[in-house]
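Top line first, the protein sequences correspond to chains A and B. Read left to right, the first sequence gives residues 22 to 266 (this note's numbering). Read left to right, the second sequence gives residues 22 to 266 (this note's numbering).
2 protein chains.
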Amino acid sequence: MSRELRIIPVEGLPEVQEGMKLGQLIAERAKLERGDVLVISQKIISKAEGRVRRLADVEPSKEALELAKKLGKEAELVELVLSESKEILRAEQSILITETHHGFVCANAGIDASNLPADGTVCLLPTDPDASARQIRSEIPETIAVVISDSFGRAWRLGQAEVAIGCAGLAPIDDWRGRTDAQGRELTATAIAIADQIAAAADLVRIKDSGVPAALVRGLKRHLTAEDGPGAAALRRPPSEDLFR
Amino acid sequence: MSRELRIIPVEGLPEVQEGMKLGQLIAERAKLERGDVLVISQKIISKAEGRVRRLADVEPSKEALELAKKLGKEAELVELVLSESKEILRAEQSILITETHHGFVCANAGIDASNLPADGTVCLLPTDPDASARQIRSEIPETIAVVISDSFGRAWRLGQAEVAIGCAGLAPIDDWRGRTDAQGRELTATAIAIADQIAAAADLVRIKDSGVPAALVRGLKRHLTAEDGPGAAALRRPPSEDLFR
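Spelled out as structure tokens, the structure:
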């Protein structure tokens with residue numbers, strides 16, 4: 022059985038300030054229905070959680086100064102990237118790819134400067150995006166799932182695509198391994214990153230200059246769970262299985 | 022401005038045989054509207070284009086026999102992977118990652134055995150998926166876009182996500198570089214892989230054992246183009262910019 026899916030932008034949110042309860046704010050404005058997946062852009066989560074930094078307040082280390090010079094980047098930004106990372110994977114061609122303390126592999130540890138109200142500020146990823154998703158889910162009276170999304174580059178493809186950096190109330194992977202296809206043949210390598218595909222889908226209704234930081238995805242009840250579940254942490258490939266460091 | 026998006030499964034397609042005109046078949050069954058994006062699973066494109074192979078017909082080379090032994094894979098499958106590839110990137114932990122002749126980096130050169138009618142057969146990627154997308158688009162009277170999708174693994178994330186391996190009538194990348202955010206600040210690194218996100222979104226209405234190989238994504242007119250355009254080839258990162266070989 023298949024059914025139609027709807028993706029509905031959440032509009033009319035105010036400029037998000039530190040300390041705002043995003044779940045409440047969204048529940049007041051969006052027509053949430055039981056079984057919806059609420060996808061929220063990382064940027065407003067970080068703003069609400071006070072993860073915005075003024076570059077002028079950052080004191081670059083010697084390592085950051087050297088790396089910044091090599092890459093042609095601001096030393097203050099590089100210092101923040103290093104402080105948010107546990108390992109540098111690549112630092113070349115003006116590109117800095119690290120593994121964050123959460124275990125995400127991405128450019129600049131997910132730090133960026135777009136869609137922030139003040140010049141000279143940048144936004145860090147939430148400290149624990151799965152906890153952020155659980156918190157927001159708990160603020161919403163309807164039984165829904167929450168995905169927190171951010172755009173990541175990909176090793177072998179141009180352009181960025183949204184992925185889930187946090188989720189709650191959703192099975193992040195739909196694992197068909199051991200189950201069978203339409204012909205009854207075993208599916209050997211089919212584990213679908215549902216949470217990432219939901220993040221990508223929701224982005225299609227968000228236009229980058231429109232200030233629409235959230236969307237509802239309706240029609241995915243079969244993927245929702247009563248419990249918060251393992252979160253997007255379950256989508257991180259363990260370093261021991263990583264062939265591309 | 023943002024607007025709602027709908028994703029509608031295309032149901033009732035017959036089992037696809039070599040030589041079938043998929044564009045016509047789908048146009049007869051789906052209620053296509055001007056501006057829709059028709060997303061089609063690679064598997065039925067390959068079937069229609071005669072890209073199914075019987076493993077028993079394959080004669081493994083010495084290289085294939087050795088690699089198969091090392092990886093614990095069937096030598097006939099490895100032979101097909103090698104013949105579809107221009108470079109092996111990784112061959113370890115039972116995993117074979119190559120760059121295909123098209124320039125896609127994926128496991129087993131995109132060859133798989135699920136959802137095929139006969140035991141002992143496997144399905145290769147279409148020879149030129151952008152050409153396949155253009156052909157299907159030309160068979161459909163409505164002005165629409167076509168995306169051909171396949172599920173690829175990702176270097177640092179578990180689970181597969183659908184990506185566009187072919188497209189026509191769509192700008193595959195929405196490039197905001199040089200444009201400005203909601204605060205008028207320049208977006209420096211925002212190029213969104215729209216075609217990949219559309220492929221991922223469409224997969225959310227396809228359940229792997231349901232035999233639903235196509236879906237319509239409605240509400241993306243702003244990304245459609247009059248011309249076929251550069252296709253999904255524009256999403257391949259050139260080897261010179263690839264930091265992860």
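Ideal Cβ positions, reconstructed from N, Cα and C, are used throughout, including at glycine. In this text, all values refer to a predicted model and were calculated from it rather than measured experimentally.
Could you tell me which of the options sits nearest to residue i, measuring between CA atoms?
i      : options                           : result
A:A255 : A:L34, A:E113, A:I118 and A:A185  : A:A185
B:R50  : B:V31, B:S62, B:D78 and B:E39     : B:V31
B:E97  : B:A48, B:R75 and B:P251           : B:R75
A:E105 : A:V143, A:K90 and A:L92           : A:V143
A:D15  : A:I213, A:L191, A:R198 and A:T211 : Summary: the structure shown does not reach residue 15 of chain A, with chain A confined to residues 22 through 266, and so no result is reported for it.
B:D202 : A:A216, A:N136 and A:I215         : A:N136
A:D171 : A:A69, A:L34 and A:S62            : A:S62
A:L92  : A:I219, A:P81, A:G124 and A:L117  : A:L117
B:L245 : B:I219, B:D224 and B:R266         : B:I219
B:D196 : A:A176, A:G199 and A:A182         : A:A182
A:Q114 : A:M41, A:T121 and A:A128          : A:A128
A:A257 : A:M41, A:H123 and A:V102          : Before going on, a small fix: residue 257 of chain A reads as Arg here, not Ala. Out of A:M41, A:H123 and A:V102, A:H123 has the C-alpha closest to the C-alpha of A:R257.
Around the C-beta of residue i, are 16 or more other C-beta atoms found within 10 angstroms, so that it is buried, or is it exposed?
i      : result
A:K270 : Because chain A in this structure spans residues 22 to 266, residue 270 of chain A falls outside the shown range and cannot be described.
B:P234 : buried
B:M22  : Its pLDDT being 44, under 50, B:M22 is placed unreliably in this model, and the coordinates cannot settle the point.
B:Q38  : exposed
A:R239 : buried
A:S67  : buried
A:G180 : buried
B:I28  : buried
B:S153 : buried
A:E108 : exposed
B:T211 : buried
B:E262 : exposed
B:E87  : exposed
A:P162 : exposed
A:A85  : buried
For a contact defined as C-beta to C-beta under 8 Å, what are the partners of residue i on chain A?
i      : result
B:E25  : R27, I28, I29, P30 and V226
B:T211 : S135, S172, Q181 and K229
B:A221 : A182, D217, Q218, A221 and A222
B:I194 : L179 and G180
Is residue i close to the ligand MG? I mean its beta-carbon at under 7 Å from any heavy atom of the ligand.
i     : result
A:I66 : In the structure on display, the ligand MG does not appear, and there are no ligands present to speak of.
Under 9 Å Cβ-Cβ, which residues of chain B neighbour residue i?
i      : result
A:V126 : A176, W177 and R178
A:R111 : L264 and F265
A:D78  : What A:D78 touches in chain B: nothing, since even the nearest Cβ is about 19 Å away.
In chain B, which residues lie less than 7 Å from residue i when you measure between Cβ atoms?
i      : result
A:S67  : Result: empty, since nearest Cβ-Cβ is about 15 Å, beyond 7 Å.
A:R258 : W177, R178 and L179
A:T165 : The identity of residue 165 of chain A in the sequence shown is Ile, whereas the question assumes Thr. By Cβ distance, chain B contributes nothing, its closest Cβ being about 16 Å from A:I165, past 7 Å.
A:L241 : L225
Can you list the residues of chain B that residue i reaches, using a CB-CB cut of under 8 Å?
i      : result
A:E183 : Q218
A:A214 : R175, R178, L179, G180, Q181 and A182
What residue does the alpha helix (DSSP H) around residue i start on, and which one ends it?
i     : result
B:V99 : A96 to S104
A:R75 : Note, A:R75: premise wrong, no alpha helix (DSSP H); beta strand (DSSP E) at V73 to R75.
A:A69 : Q63 to A69
Could you give the first and the last residue of the continuous beta strand (DSSP E) run that contains residue i?
i      : result
A:E120 : I116 to T121
B:P30  : L26 to V31
B:D171 : A166 to F173
B:A128 : V126 to A128
A:E183 : A182 to A189
Going along chain A in order, which residues have a C-beta closer than 9 Å to the C-beta of residue i?
i      : result
B:I118 : L264 and F265
Query raised in the report: Using a Cβ cut-off of 7 Å, which residues of the stretch 32 to 62 of chain A contact any Cβ in chain B, in chain order?
Result: Of all residues in the stretch 32 to 62 of chain A, the ones placed with a Cβ closer than 7 Å to any Cβ belonging to chain B are E32, in chain order.
Query - Positions along the stretch 144 to 166 of chain A whose CB lies within less than 7 Å of some CB in chain B - result: none
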